[in-house]
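Under my numbering, the first residue of the sequence shown is numbered 1, with each subsequent residue one higher.
Note that CB positions come from ideal geometry on N, CA and C, so glycine has one too.
Heads up: the structure comes next, in structure tokens.
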Amino acid sequence: MDISKVYSEIFDDYQRDRKFAEEKAENLKNKLYSKNTRLGEIDAEISRLSSELFRASMRGDKSAPEIFREKSNKLCEERQNILIGMGIASGRIEPEYKCGLCHDTGMIDTQRCSCFNKRLAEKYYQLSNLGNILKRENFENFNYDIFSKEPFKSGVSPYDNIKHIADEAHSAIENFKSKPMNMFFYGSSGLGKSYMCNCIAKELMDRGYFVLYMSAYTLFQLLTDLRFNNASGEEKEKSSLINGCDLLIIDDLGTEGANSATNVEFFDILNIRLRTEKSTLISANLNISDIGTVYSERILSRILGCFNVYEFIGKDLRIFQ
Ligand SMILES: [Zn+2]
Numbered sequence: 001m002d003i004s005k006v007y008s009e010i011f012d013d014y015q016r017d018r019k020f021a022e023e024k025a026e027n028l029k030n031k032l033y034s035k036n037t038r039l040g041e042i043d044a045e046i047s048r049l050s051s052e053l054f055r056a057s058m059r060g061d062k063s064a065p066e067i068f069r070e071k072s073n074k075l076c077e078e079r080q081n082i083l084i085g086m087g088i089a090s091g092r093i094e095p096e097y098k099c100g101l102c103h104d105t106g107m108i109d110t111q112r113c114s115c116f117n118k119r120l121a122e123k124y125y126q127l128s129n130l131g132n133i134l135k136r137e138n139f140e141n142f143n144y145d146i147f148s149k150e151p152f153k154s155g156v157s158p159y160d161n162i163k164h165i166a167d168e169a170h171s172a173i174e175n176f177k178s179k180p181m182n183m184f185f186y187g188s189s190g191l192g193k194s195y196m197c198n199c200i201a202k203e204l205m206d207r208g209y210f211v212l213y214m215s216a217y218t219l220f221q222l223l224t225d226l227r228f229n230n231a232s233g234e235e236k237e238k239s240s241l242i243n244g245c246d247l248l249i250i251d252d253l254g255t256e257g258a259n260s261a262t263n264v265e266f267f268d269i270l271n272i273r274l275r276t277e278k279s280t281l282i283s284a285n286l287n288i289s290d291i292g293t294v295y296s297e298r299i300l301s302r303i304l305g306c307f308n309v310y311e312f313i314g315k316d317l318r319i320f321q
């Protein structure tokens with residue numbers, strides 16, 4: 001995915017939304033002004049007053065601003081009352097932007113508006129086809145009944161276990177703004193780990209957070225490229241998103257791609273995110289004890305120390321579906 005293409009698409013979308021909102025306001029204005037000609041007269045008077053004020057201030061007339069303000073306020077009030085009478089509750093004709101903070105520009109001064117990140121995440125998901133997956137795999141569609149109610153090895157049933165994990169996920173989502181979500185899912189394949197990751201991703205994206213999903217394979221490939229300097233511009237941009245996103249999901253952590261070099265990078269990613277209080281969700285097809293062997297003891301101790309760890313239990317659900 002070409003990230004510069006993503007950015008330019010987002011700014012095109014902003015431009016389109018702005019144009020739509022402004023044209024709609026302009027059309028409404030034309031309609032109302034043709035119904036009541038006094039509105040146009042008021043605007044003309046205000047504009048005449050402004051140029052008068054300008055000339056007066058050039059002459060050094062100190063009382064001009066006060067007189068102008070008084071006359072102008074009266075005219076604005078008259079215009080407001082006419083518009084209210086015509087059914088415009090606020091008494092003002094203004095474009096209805098999707099984002100009231102940045103007026104659909106994506107920027108507030110020199111900073112990106114929060115709506116930009118939301119659009120970035122949506123675009124990213126749309127282009128990576130995850131958008132379609134999230135339409136299917138979300139909490140609304142979650143079917144707990146496919147999990148067995150028979151107690152499993154530990155005495156807990158897969159059904160109770162998944163309910164507990166979902167409850168914990170919901171509460172982490174509720175507290176997401178004030179408390180970083182660090183969750184680690186592990187267990188064999190086909191027990192709903194990726195599905196649960198997608199549910200959480202969808203829920204947080206709907207709330208406007210920037211969620212970045214990466215399979216462990218893609219992540220380690222990227223880390224290798226960055227390490228050996230083969231990284232393209234797009235990959236470099238992606239690596240900055242890895243540190244900057246609100247939630248990083250690393251799915252399918254297993255044996256593939258891990259080596260001592262990428263382990264150092266992986267450890268750094270976890271550390272940076274923990275230090276900057278950004279949330280991370282990892283799912284692994286490994287037993288917790290294997291993490292230390294396949295990755296490193298340092299990574300294992302970070303996970304055990306800083307993540308809430310959940311085991312997915314039961315029999316492979318895909319066989320029964
Ligand atoms: Zn905005």
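Return helix, strand or coil for residue i, following the three-state DSSP convention.
{"i": "SER239", "result": "helix"}
{"i": "ARG92", "result": "coil"}
{"i": "MET324", "result": "No answer is possible for residue 324: the residues shown for the chain start at 1 and end at 321."}
{"i": "ASP17", "result": "helix"}
{"i": "ASP12", "result": "helix"}
{"i": "TYR295", "result": "coil"}
{"i": "ASP316", "result": "coil"}
{"i": "ASN259", "result": "coil"}
{"i": "PHE142", "result": "coil"}
{"i": "GLU150", "result": "coil"}
{"i": "SER4", "result": "helix"}
{"i": "LYS118", "result": "helix"}
Given this structure, state the Cα-to-Cα distance separating residue i from residue j, to the nearest angstrom.
{"i": "ASN143", "j": "THR218", "result": "29 Å"}
{"i": "ASP43", "j": "SER239", "result": "52 Å"}
{"i": "PHE54", "j": "THR110", "result": "32 Å"}
{"i": "GLU168", "j": "ALA284", "result": "18 Å"}
{"i": "CYS306", "j": "SER178", "result": "16 Å"}
{"i": "ILE272", "j": "CYS245", "result": "12 Å"}
{"i": "SER301", "j": "LEU248", "result": "19 Å"}
{"i": "PHE20", "j": "ALA64", "result": "39 Å"}
{"i": "ASN36", "j": "ARG92", "result": "15 Å"}
{"i": "GLY100", "j": "MET205", "result": "19 Å"}
{"i": "CYS199", "j": "PHE228", "result": "35 Å"}
{"i": "SER50", "j": "ILE67", "result": "11 Å"}
{"i": "MET58", "j": "LYS98", "result": "41 Å"}
{"i": "ARG119", "j": "ARG207", "result": "12 Å"}
{"i": "LEU83", "j": "CYS76", "result": "11 Å"}
{"i": "GLN221", "j": "VAL6", "result": "22 Å"}
{"i": "LYS149", "j": "LYS163", "result": "11 Å"}
{"i": "ASN81", "j": "ALA89", "result": "10 Å"}
Which partner residues does residue i have in the DSSP bridge list?
{"i": "PHE184", "result": "ILE282, VAL309"}
{"i": "VAL211", "result": "LEU247"}
{"i": "ARG275", "result": "In the DSSP output, where bridge partners are listed per residue, ARG275 has none listed."}
{"i": "LEU253", "result": "ALA284"}
{"i": "ARG112", "result": "MET107"}
What are the boundary residues of the alpha helix (DSSP H) that includes residue i?
{"i": "LEU101", "result": "LEU101 -> no alpha helix (DSSP H), and no H or E assigned at all."}
{"i": "MET196", "result": "193-206"}
{"i": "THR224", "result": "216-227"}
{"i": "LYS135", "result": "130-136"}
{"i": "ASN81", "result": "64-85"}
{"i": "GLY40", "result": "37-59"}
{"i": "LYS163", "result": "158-174"}
Is residue i close to chain C, meaning its C-beta is less than 9 Å from at least one C-beta of that chain?
{"i": "ASN143", "result": "Here chain C cannot be found, since the structure has a single protein chain."}
**OP:** Specify which residues have a beta carbon nearer than 6 Å to any heavy atom of ligand 1, listing them in chain order.
**Re:** Qualifying residues come out as CYS99, LEU101, CYS102, CYS113, CYS115.
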